[in-house]
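The listed protein sequences correspond, in order, to chains A and F. Going by UniProt numbering, the first residue of the first sequence is number 1, and it counts up by one from there. Going by UniProt numbering, the first residue of the second sequence is number 1, and it counts up by one from there. For each residue, glycine too, the CB sits at the ideal point set by N, CA and C.
There are 2 protein chains.
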Amino acid sequence: MRVLKYAILGLLDKGSLSGYDMTSHFKAELGQFWSAKHSQIYPELKKLTNEGFIEFKTVIQGSKLEKKMYSITDDGKRELHEWLTAYKPVPDTVKDEFMLKAYFISSMKPAEAEGLFADQLAKRKEKAAFLKERLETLKQEAGPGISFRSPHFGHYLVLTRALERENGYCSWLEKALELIKSGQAGS
Amino acid sequence: MRVLKYAILGLLDKGSLSGYDMTSHFKAELGQFWSAKHSQIYPELKKLTNEGFIEFKTVIQGSKLEKKMYSITDDGKRELHEWLTAYKPVPDTVKDEFMLKAYFISSMKPAEAEGLFADQLAKRKEKAAFLKERLETLKQEAGPGISFRSPHFGHYLVLTRALERENGYCSWLEKALELIKSGQAGS
DNA sequence: CAGGACATGTAACGCGTTACATGATTTG
DNA sequence: CAAATCATGTAACGCGTTACATGTCCTG
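Written out as structure tokens, the structure is:
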């Protein structure tokens, strides 16, 4: 399905970028929902160039270092638009290794399960706090009444969703922990 | 990391299964958080047998049809336990193609974005309703006061998490849709 | 007796990660 | 001047999906 192709086209639709710049985006907010390593990005850039969806200009950074600045072509824009506006089914499976362990909870002792869930809760809370801070920063940059028109709207959507995802996970973990503990008490 | 290995060991820790049985589990509740096709399962079963983590007996179904019933060995149980009780970091990225599109919302017209989000909301609501029904059924089978001791506790955890995941997605989509529509009104 | 479910396998291909490999630039 | 960051590439390997391939059993 080549989703990385569309991730690259989408990034380039906002402005020119080098391959290295793209890896940076995948390490920032966008990385909550999509990412790729540079070893996957560089070959994909070559492929997209051959296909005519993007093009590049070599730029000299400093005195020697060569950098390829990519931009999207009209063909690329058409391709991106087609993907963006296509309605797709919700995936049946979104893989989550922790939930796989949860499914096998009967293979653990209560104390082991409690430890596992408590650890996960602590880590998720930390991540939620981190995302909350990022969102506060964004709100200050973009102003409080963020709207469709704002250049930060995409960031805003991604951050609010990521934060709610973690918060939802946390409240579920808390409920699960109580059930595990009450089962343990009655032994 | 071979997570499929542990998925198989976990399933077998509850009782003997054929490869075909495992694919059925991946199509049921467990499939919300992990799945694999039979083309991946059968080679993995061969590998796990060679490694001594599982073993099988050939059973005749009907008069001719051969079926391999797998069970977990003591080595396999140790291996499973080690994985279950290992604390792991929360993954940085959980891929979500729809959220990638959301990040690129500025490359869409408001009406296009509205259509996309409305479609996603309808599909997520449908999935949430389906999961809610499954959960009601489970509650009737298991009784209302489900606890750690219940043989259905793993199912219960997975279903409640999946349902809350969809509900959370829906409420975020509704908020996003309002922002998109209000931006459109002011154009 | 036909269609769907049960049952098991292999092959080809693409996606994704880790590791290998190199070099320039900036900042403290 | 050392360390971190900027910058680009390839190779090997494993994971996952689609397609190819075959045959039995049960239900209406």
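| Asked | Found |
| --- | --- |
| Among the candidates A:Met-22, A:Leu-65 and A:Lys-14, whose CA atom is the shortest distance from the CA of Ala-44 (chain A)? | Rather than Ala, the amino acid found at residue 44 (chain A) in this sequence is Glu. Comparing Cα positions, the closest option is A:Met-22. |
| Helix, strand or coil: which one does DSSP assign to Glu-51 (chain F)? | coil |
| Assign Tyr-87 (chain F) to one of three DSSP states: helix, strand, or coil. | coil |
| Measure from the alpha carbon of Lys-101 (chain F) to the alpha carbon of each residue in F:Ser-147, F:Ala-128, F:Thr-85 and F:Gln-120, then state which is nearest. | F:Gln-120 |
| Determine which residues share a DSSP beta bridge with Thr-58 (chain A) and list them. | A:Lys-68 |
| Would you mind telling me which residues of chain A sit closer than 7 Å to Val-59 (chain F), beta carbon to beta carbon, in chain order? | Near Val-59 (chain F) there are no residues of chain A at all, since even the closest Cβ is about 24 Å away, more than 7 Å. |
| Would you kindly work out how many angstroms separate the C-alpha atoms of Ser-147 (chain A) and Lys-139 (chain A), rounded to a whole number? | 11 Å |
| Glu-114 (chain A) and Gln-184 (chain A): beta carbons closer than 8 Å? | yes |
| Is there a C-beta anywhere in chain F that falls below 8 Å from the one on Leu-65 (chain A)? | no |
| Taking Cβ positions only, does Asp-96 (chain F) come closer than 8 Å to chain A? | yes |
| Hey, is Glu-79 (chain A)'s beta-carbon within less than 8 Å of any beta-carbon in chain F? | no |
| For Gly-154 (chain F) and chain A, any beta-carbon pair shorter than 8 Å? | yes |
| Tell me where the alpha helix (DSSP H) around Arg-149 (chain A) begins and ends. | From DSSP, Arg-149 (chain A) is part of no alpha helix (DSSP H); its letter is neither H nor E. |
| Going by other Cβ atoms of all chains shown within 10 Å of its Cβ, with 16 needed for buried, is Arg-149 (chain A) buried or exposed? | exposed |
| Is any beta-carbon of chain F found at less than 8 Å from that of Asp-119 (chain A)? | yes |
| With Gln-32 (chain A) as the anchor, note down where its alpha helix (DSSP H) starts and where it stops. | Premise fails: Gln-32 (chain A) is in no alpha helix (DSSP H) and is neither H nor E. |
| In chain order, what residues of the same chain have a beta carbon less than 6 Å from the beta carbon of Ala-7 (chain F), not counting five sequence neighbours either side? | Trp-34 |
| Are the Cβ atoms of Glu-29 (chain F) and Leu-173 (chain F) separated by less than 8 Å? | no |
| Nearest to Phe-130 (chain A) by CA position, among A:Asn-167, A:Phe-98, A:Pro-89 and A:Asp-75, is which residue? | A:Asn-167 |
| Mind reading off the beta-carbon distance from Leu-11 (chain A) to Leu-17 (chain A)? Whole number of angstroms is fine, and I expect it under 8 Å. | 6 Å |
| Can you tell me whether Ser-107 (chain A) is buried or exposed, with buried defined as 16 or more other CB within 10 angstroms of its CB? | buried |
| Does the beta-carbon of Ala-162 (chain F) have 16 or more other beta-carbons within 10 angstroms, so that it is buried, or is it exposed? | buried |
| Quick one: which chain F residues come within Cβ less than 8 Å of Leu-84 (chain A)? | Lys-101, Phe-104, Ser-107, Met-108, Glu-112 and Leu-116 |
| Closest to Pro-110 (chain F) by CA distance: which of F:His-25, F:Thr-137, F:Thr-58 and F:Glu-178 is it? | F:Glu-178 |
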